[in-house]
Amino acid sequence: FFVLDEAQFAADGLPTAFHPDPGASPILVEILNIWDSHHSIGSASFVVAGTEIPFKIFEEPNVAEHLGWTSDTGAFDKKSLQENYPHRFLPPSFSGSTSDEEFMCRAWHWTRGRHRYTAALVENLIVCGFQSPHRF
19 FFVLDEAQFA
29 ADGLPTAFHP
39 DPGASPILVE
49 ILNIWDSHHS
59 IGSASFVVAG
69 TEIPFKIFEE
79 PNVAEHLGWT
89 SDTGAFDKKS
99 LQENYPHRFL
109 PPSFSGSTSD
119 EEFMCRAWHW
129 TRGRHRYTAA
139 LVENLIVCGF
149 QSPHRF
């Protein structure tokens with residue numbers, strides 16, 4: 019995974035870094051285009067997350083042609099909905115295991131309805147190689 023969190027800062031910050039017209043090409047556009055130029059990496063996923071990322075960036079021509087936009091993360095108001103989010107990032111060997119079930123119970127208890135905390139838990143799982151998920 020290639021992850022850029024808090025991407026709203028890259029959308030709003032440095033508006034003239036790559037173009038003299040303010041707001042014409044924020045640094046996020048350049049990051050997306052560089053990542054998009056490497057879309058043939060294979061099974062790598064690119065995740066750009068944040069609050070208030072302008073959708074218009076994705077509508078511009080020649081911007082990240084192979085990347086898609088989604089804002090459908092849901093409300094995490096049901097346990098099954100919250101579990102769907104981390105399962106997109108977990109390897110098949112972890113999904114459905116006892117460790118997975120215990121982790122999901124803890125995630126539901128501690129991070130119910132909280133996207134950022136859930137994302138941080140998933141990040142910790144990935145960084146730690148899915149070892150000892152009971153510590154998170």
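Sequential numbering from 19 applies to the sequence shown in my numbering. In this text, a Cβ means the ideal position worked out from N, Cα and C, and glycines have one as well. Predicted model only: the values in this text are computed from it and were never measured.
Are there 16 or more other CB atoms within 10 angstroms of the CB of Asp118, so buried, or fewer, so exposed?
Asp118 should be labelled buried.
In the DSSP assignment, find the unbroken beta strand (DSSP E) run with Val145 in it and report its ends.
No beta strand (DSSP E) contains Val145, which is instead part of the alpha helix (DSSP H) from His133 to Val145.
How many angstroms separate the CA atom of Leu99 from the CA atom of Ala93?
If I take the Cα positions, the gap works out to 8 angstroms.
On the three-state DSSP scale, how would you describe Phe27?
DSSP places Phe27 in helix when its eight states are reduced to three.
For Phe148, which of helix, strand or coil comes out of DSSP?
Residue state, collapsed to three classes: coil.
Look at the alpha carbon of Glu141 and the alpha carbon of Thr34, and state the distance between them as a whole number of angstroms.
Approximately 32 angstroms between the Cα atoms of the pair.
What number of angstroms, rounded off, separates the C-alpha of Val81 from the C-alpha of Phe20?
Their Cα atoms are separated by approximately 18 angstroms.
Taking Glu70 as the reference, which of Ala137, Leu46 and Asp95 has the closest Cα?
The residue with the shortest Cα to Cα distance from Glu70 is Leu46.
Going by DSSP, what residues sit across from Leu50 in a beta bridge?
Looking at the DSSP assignment, Leu50 forms no beta bridge with any residue, so it has no partner.
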